[in-house]
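A quick write-up on the structure given underneath.
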Amino acid sequence: MLYGLETVSLRKRQESELEVAELKMLRFSLGVTRLDRIRNEYIRGTAHVGRLGDKVREARLRWFGHVQRRESEYIGRRMLDMELPGRRQRGRPKRRYMDGINEDMKLVGASVEDAEDRDRWREMIRCGDP
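Count along the sequence shown from 1, add 29, and you get the number used in my numbering.
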């Protein structure tokens with residue numbers, strides 16, 4: 030379910046829809062129905078699984094740290110700094126990947142410089158499964 034999500038910037042609604050799908054799968058695997066009225070936290074605790082949003086954030090930051098530690102000529106690193114020519118379309122601005130990364134780093138209290146030390150970075154961003 031998490032495959033490739035480290036390269037996507039999700040909106041709150043999309044993240045919520047993924048969590049709903051995850052909980053449906055967990056309920057099914059545990060043999061629990063919605064009629065049993067068991068709280069989501071209990072289901073996650075029984076399955077020893079953390080929130081999907083936290084796991085996605087950790088995967089996204091882990092990928093960002095990997096790219097930051099690469100040389101500056103690496104295509105992934107160049108893509109992070111790339112800006113497209115021209116103007117944006119009218120309306121609400123699209124959510125950019127780096128906007129999501131900056132938001133995630135602010136949540137965990139990390140900075141771009143912290144990504145250079147791999148072990149420290151891993152400790153800082155760890156928030157997935159309990």
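Note that the Cβ used here is the ideal one computed from N, Cα and C, for glycine as well.
- Going straight from the alpha carbon of residue 109 to that of residue 66, what length do you get? 44 Å
- Query: Buried or exposed: where does residue 151 fall if 16 or more other Cβ atoms within 10 Å of its Cβ makes it buried?
  - Reply: exposed
- Item | Neighbourhood of residue 44 by C-beta distance below 8 Å, restricted to the same chain and skipping five residues each side | Closer than 8 Å at Cβ, skipping near neighbours: 81, 82, 85.
- Query: Mapping DSSP to helix, strand and coil, what is residue 36?
  - Reply: Of the three classes helix, strand and coil, the one that applies to residue 36 here is helix, per DSSP.
- Query: Is residue 95 helix, strand or coil when you go by DSSP?
  - Reply: DSSP places residue 95 in helix when its eight states are reduced to three.
- Query: Using the rule of at least 16 other Cβ atoms within 10 Å of the residue's Cβ for burial, across every protein chain shown, is residue 89 buried or exposed?
  - Reply: With 16 or more Cβ atoms within 10 Å of its Cβ, residue 89 is classed as buried.
- Task: In the DSSP assignment, find the unbroken alpha helix (DSSP H) run with residue 78 in it and report its ends.
- Result: Unbroken run through residue 78: none, as it is neither H nor E.
- Task: Please report how far the alpha carbon of residue 95 lies from the alpha carbon of residue 47, in whole angstroms.
- Result: 25 Å
- Item | Extent of the continuous alpha helix (DSSP H) to which residue 126 belongs | 126-137
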